[in-house]
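Novice: Mind having a look at this structure? Questions to follow.
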Amino acid sequence: MLSPTRFHPTTFHPLPLAVGRLLRGAALALAWSISAPVFAVSPEQFGAAFAQFEQSRAGHDGATRQSAQAFAALLQAEPGNPVLMAYTGAATSLRANTTWLPWKKMTYAEDGLALLDKALALLPSATAPFAGHLVPAALEVRFVAAATFLAVPGFMNRGDRGNRLLAEVLASPLLQTAPLAFRGDVWLVAAEQAAKAGQRDEARRLLHQAITSGTPQAAVARTRLNGLTS
């Protein structure tokens, strides 16, 4: 999922909120309107930007600029939202892959990393899921940052912090109740890092967990597991 030659933040899957029973719908709606935070960015707007982000991660450079611009626009609507800030940072870092000019590569990478640092700094005051998500911001921001830090070139000195953030996500009790697709992404990235560190047993354990838990990434995990055992 990550590549030494491509900044490759990992996959996230925004999911619709579950709908309660019809007879309780009005009460739930009233409670939500009173107690929930107001988001200027709708799940549909986030989903459109995220779709471009996914295309960018898949290597479609044409979507990279659009993804960065889309998330930057959403961040303007909610400038204090750490999730939007993290994705804007990750998308901005990906723009380093779209130019051959060294100074532009560094500018995109450094600007993106700076946004990720700011998003992480905002986390203590923002741990609830973002609108349209079931992933707590405390996990999502850390994971987006970890995947980006681990993917940028080593001379940028972000690998150690990326590994620490990934370890925090893995150890968090919130991970056990996060959507299965998110857990699968975490396990795949952690397995890749374990394999790179020569910890093949740990990599196998994480890949096996992704398979037996029935994650959407199970087929990818099985292929990687076969590669480790061959």
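Per our numbering, residue 1 is the first one in the sequence shown, and the count goes up by one each step.
Every residue gets a Cβ at the ideal spot worked out from N, C-alpha and C, and that includes glycine.
#1: Below 8 Å, how does it come out for the stretch 151-158 and the stretch 166-179: are there three or more Cβ pairs, yes or no?
#2: With A180 as the anchor, note down where its alpha helix (DSSP H) starts and where it stops.
#3: Do you know whose CA, among L94, V83 and R158, lies nearest Y108's CA?
#4: Anyone know if the C-beta pair for L150 and V189 falls short of 9 Å?
#5: For P216 versus A181, is the C-beta spacing smaller than 9 Å?
#6: Can you tell me whether DSSP reads P136 as helix, strand or coil?
#7: Return the chain-ordered list of same chain residues with a C-beta closer than 7 Å to the C-beta of A146, the five sequence neighbours on each side being excluded.
#8: For L225 and R183, what's the separation of their Cα atoms in angstroms?
#9: Looking only at its own chain, which residues have a Cβ that is under 7 Å from the Cβ of V83, when we skip the five neighbours before and after it?
#10: Here's the rule I'm using: 16 or more other beta-carbon atoms within 10 Å means buried, otherwise exposed. How should M106 be labelled?
#11: For A218 versus R204, is the C-beta distance shorter than 9 Å?
#12: To the nearest angstrom, how far is it from the Cα of F71 to the Cα of A91?
#13: Can you tell me where the alpha helix (DSSP H) holding M106 begins and where it ends?
#14: For Q76, does the count of other Cβ atoms within 10 angstroms reach 16, so buried, or fall short, so exposed?
Specialist: For this structure:
#1: no
#2: Correcting the residue identity first, residue 180 is Leu in this sequence and not Ala. For L180, the uninterrupted alpha helix (DSSP H) run begins and ends at L180 to K196, by DSSP.
#3: The residue among L94, V83 and R158 with its C-alpha nearest the C-alpha of Y108 is L94.
#4: Remark: C-beta atoms of L150 and V189 approach each other more closely than 9 Å.
#5: yes
#6: strand
#7: G162, L165, L166 and V169
#8: 17 Å
#9: F130, A137, E140 and V141
#10: Exposed, by the Cβ-count rule.
#11: No, the Cβ-Cβ distance between A218 and R204 is not below 9 Å.
#12: 8 Å
#13: P102 to L122
#14: The residue is exposed, with fewer than 16 neighbouring Cβ atoms inside 10 Å.
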